[in-house]
Structure formats: C-alpha cells, structure tokens
Amino acid sequence: MKHNKGVLTAPAAVGDPLSAVDTPSLVLDLDSFEFNLNLMAKRCRQNGVDLRPHAKSHKSVEIARRQIAAGAVGICCQKLSEAYPFAEAGIEDIFVTNEFVGEKKVAMAIDLARRCQLTLCVDHPSQVVALGAAARQAKVRLRLMVEVDIGAKRCGVTSYTALLELVECIREFNGSLMFVGLQAFHGGAQHIKGWSERHEAVLHSNEIVTSYLLRLKDAGIDCPVVSGSGTGTAEFDLSSGIFTEIQPGSYVFLDGHYGSNEWSGLPQFRHSLFVLSTAMSSNGESRTVFDFGLKGVSVDSGVPKILPEQGGQSLIVTRVNDEHCVVESQSLSDLPQLGKKLLFVPGHCDPTVNLYQQIVCFRNGVVESIWDIDARGLSY
Ligand SMILES: Cc1ncc(COP(=O)(O)O)c(C=O)c1O
Numbered sequence: 005m006k007h008n009k010g011v012l013t014a015p016a017a018v019g020d021p022l023s024a025v026d027t028p029s030l031v032l033d034l035d036s037f038e039f040n041l042n043l044m045a046k047r048c049r050q051n052g053v054d055l056r057p058h059a060k061s062h063k064s065v066e067i068a069r070r071q072i073a074a075g076a077v078g079i080c081c082q083k084l085s086e087a088y089p090f091a092e093a094g095i096e097d098i099f100v101t102n103e104f105v106g107e108k109k110v111a112m113a114i115d116l117a118r119r120c121q122l123t124l125c126v127d128h129p130s131q132v133v134a135l136g137a138a139a140r141q142a143k144v145r146l147r148l149m150v151e152v153d154i155g156a157k158r159c160g161v162t163s164y165t166a167l168l169e170l171v172e173c174i175r176e177f178n179g180s181l182m183f184v185g186l187q188a189f190h191g192g193a194q195h196i197k198g199w200s201e202r203h204e205a206v207l208h209s210n211e212i213v214t215s216y217l218l219r220l221k222d223a224g225i226d227c228p229v230v231s232g233s234g235t236g237t238a239e240f241d242l243s244s245g246i247f248t249e250i251q252p253g254s255y256v257f258l259d260g261h262y263g264s265n266e267w268s269g270l271p272q273f274r275h276s277l278f279v280l281s282t283a284m285s286s287n288g289e290s291r292t293v294f295d296f297g298l299k300g301v302s303v304d305s306g307v308p309k310i311l312p313e314q315g316g317q318s319l320i321v322t323r324v325n326d327e328h329c330v331v332e333s334q335s336l337s338d339l340p341q342l343g344k345k346l347l348f349v350p351g352h353c354d355p356t357v358n359l360y361q362q363i364v365c366f367r368n369g370v371v372e373s374i375w376d377i378d379a380r381g382l383s384y
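Under my numbering, the first residue of the sequence shown carries the number 5, and numbering increases by one thereafter.
1. Tell me the rounded alpha-carbon separation between R119 and I225.
2. Residue range of the beta strand (DSSP E) that W375 falls in?
3. Which two residues bound the contiguous alpha helix (DSSP H) that contains V213?
4. In the region 111 to 196, which residue ranges form an unbroken alpha helix (DSSP H) of at least 4 residues, counting only runs that do not cross its ends?
5. If you draw a straight line from the alpha carbon of A138 to that of F296, how long is it in whole angstroms?
6. Between which two residues does the alpha helix (DSSP H) containing F37 stretch?
7. Determine the DSSP secondary structure at T13, reduced to helix, strand or coil.
8. Does DSSP put D354 in a helix, a strand or coil?
9. Under the rule that 16 or more other beta-carbon atoms within 10 Å means buried, what is G381, buried or exposed?
10. From M149 to S209, what does the alpha carbon distance come to, in whole angstroms?
11. Hey, is N358 close to ligand 1, as in C-beta under 8 Å from one of its heavy atoms?
12. Within the continuous alpha helix (DSSP H) that includes L84, where are the two ends?
13. Is any non-hydrogen atom of ligand 1 found closer than 8 Å to the C-beta of H208, if you look at the structure I gave you?
14. Which stretch, first to last residue, makes up the alpha helix (DSSP H) that contains I72?
15. Figure out for me which residue from G253, G288, W267, L298 has the closest Cα to the Cα of P57.
16. Please report the distance separating the alpha-carbon of N358 from that of A87.
17. By Cβ distance, which residues of its chain are closer than 7 Å to H261, with the 5 residues on each side in sequence left out?
18. Rounded to a whole number of angstroms, what is the C-alpha to C-alpha distance between T214 and L220?
19. At a cut-off of 8 Å, would you count Q272 as near ligand 1, judging by its Cβ distance to the nearest heavy atom?
20. What does the Cβ neighbour count give for G78, buried or exposed, with the cut at 16 atoms within 10 Å?
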C-alpha cells in the first residue's frame, strides 16, 4: 500500500476471512455489487437507453471498468480533477456533468480533452466563450451539453431564450465547440421517499425537458443526446422516451438513504457497501462504542444503519463523533461485546467512499480483491 511507508501493516490481504480485516475498513460485498451492476445494465439494454454511470459515487477505476464491461458507454465525473485518474487509466469517454469557471479549469479541460473523448457542461455564455477561445487556440474539439434546470433549482438555464442563446454561442465556435445535447438532472427528485410522489416529480420534470426539446426542434437545432437521471428516478426515466442516456451513480452500492426510498415491485438494488467496524468499548449495560466516526462515514444523510441480520432490530446508532460510533440496545443480551465486528450501511455512499483509500472486496466472507479509490480527494 502506497501510504504505509513500510511501517503500517495493511488492513487486509486477499484470502483473509472478513473477520480478520482490520477496522474501520470500507468493504464491498461482491455478490450484491455484481447484482446491482448487472441489473442497471440490463434495464438500460431492455429500454434501449445508454448507461453512463456516475463515477462520483465510487471514484474507482476498477469499478468504472466493470461498468463498461457490463455495457456502459462511458462514465460521468463531477469535477475535472476527478476525471483524470479515469482518463489516465484508459477510460475513453467521459462527461463532466458540472459547470466550472476560471483559467486554470479551462486549461485543465483542454488538457483532459487530449486524453479522452471529453464532454462538458455549460449554462452561461461566458463559459462557452472561455472554452471556445481556448479550444480554438489549442486546436482541440470540445463537446458541450447545455444544462437545463428541470426542477432541481441548482445549475442550468431556466428559459428557452437562454438555451437558444447558448446554442447560438456554441455555434459561433464551429469546429472547436460542438453542441451535443441537454444535461437534465434533478438531484432532489432522487430521494423523494414515496414512490408515487417521486413519480409525480419526474412527470413534472419531463414536461420541462420536453418543452425545451420542442423549442430546439422548432429552431431547427439537432439535439442528439439527452442525459440525466439517477438511481432514484431511473425506473421512470428509462421508459419515458426522453432520455437517450442515464447517469446513475449510487446504484452500485445502494446506501442507507436510498434504502429508505419506497421502490416499485421490480427487483431492487441491494446494499453492497459497508463500513466494517469493531466494538472497542462498552459500559456493559446499554451501549457499545465502535471504532469509526465522522472520519469513516458521512452522516449528512443520516447515521449508519445496522442491518437486521447483524442485530439491527434492537441495535441503534445513537451518535457519531469524530472517531466514535455509539450503538445502544434496550436488550443487554443483544449488546455487542468488545471485539465484535459489525457491518454498517453508510447513509450516503459518495462522501463516505471519499474518506477511504481502498475498498476491500469480499465474497462469502473471504477477501477476494482490494481496489483503489483512485479519485479520492480529487474534488477540484
Ligand atoms: C449530475 C449528477 N448526475 C448523476 C448523479 C447520480 O445520482 P445517484 O447517485 O443518485 O444515482 C448525481 C448525484 O448526485 C449528479 O449530481
């Protein structure tokens, strides 16, 4: 391991039983992971929609390779720096689904475009002008998607005029910039807990995207790609006839927050990502403290969960401090003893993954491989 400097022992080795993995460690149940990987790929195939998974969730070249082997057309990244390890590892087709501003970023985009087929996201003419001038000078061709706000109230243009103006601006750099389509992602809709309410939100977003597409058609502008969607709305977006590609990220892991969404009767994604942790202290009466905290799990979407088969019915995480996770139980007999190891489902996978250097992958209780989290900390 790169960070060991020969002094620290590695937390795990291939062939170790999971019970011997040092903690806290980020671990992946390969059977559930592969189930998720194949389920999303199959649904996309069945609906004739391209799958371009979001690598912001896993930041791992190995996972991106497996997604592509399962049928993905390429990947999404959220930041230019995040895209580098993937481009360097030979992932050919990358869409950076986020706006950026500034000379350094533009230079990074030009450099990245020499390493892969790069698509970028814009929502203001000044971004287009900066990219156009740089691409022209560098003799590089950039593919641009215009982001439209479909209800998320985050980035994206909010009027037909702004959309048409941007496409016009892109066309002024003909030969250096190319308009390829619309980025239409509604982050807020993904986690609407109720299935019907989530569907309702998607129908509303669809009306917005459709009206933008009609305006482009009326103006005689070709829009080959409509990209968007996530784990929470994919089942609706795949059959809407609007999206040519979807960009779900969390489906490979299904974190705790997604686990609390209400889903349809279709086969569903499974929890595959866990923090493995050891009970390090207990008052022997009501609480046991596990050896991970905020530096090992993100709690922005709730505290980690303990699955029922791990004793989760009577065990509740009541507090997460920097390096402590406090678990309480009403029943003394269920209280984990010192040394007991448990798997915790993180509330939010993306920021949790970003806290670790590696994912320890296991099958049937044995470590099968260890994957680097290559883009860890690359958020600029
Ligand atoms: C632009 C964009 N696309 C796709 C995704 C993937 O969504 P999810 O992880 O919910 O599947 C995200 C997640 O935040 C996102 O910001």
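Yeah, the Cβ is synthetic: ideal placement off N, Cα and C, and Gly gets one too. These numbers were taken from a predicted model, which means no experiment stands behind them.
Here's the rundown:
1. 29 Å
2. 370 to 376
3. If you look at V213, you'll find it in the alpha helix (DSSP H) that goes 199 to 222.
4. 129 to 142, 164 to 175, 191 to 194
5. Approximately 46 Å between the Cα atoms of the pair.
6. 34 to 51
7. Coil at T13, not helix or strand.
8. Reduced to three states, the DSSP call for D354 is helix.
9. With fewer than 16 other Cβ atoms within 10 Å, it is exposed.
10. 18 Å
11. no
12. Here the alpha helix (DSSP H) through L84 covers 84 to 92.
13. no
14. 65 to 73
15. G253
16. Rounded to whole angstroms, N358 to A87 spans 14 Å at the Cα level.
17. H195, S305, G306, G351, H352
18. 10 Å
19. no
20. buried
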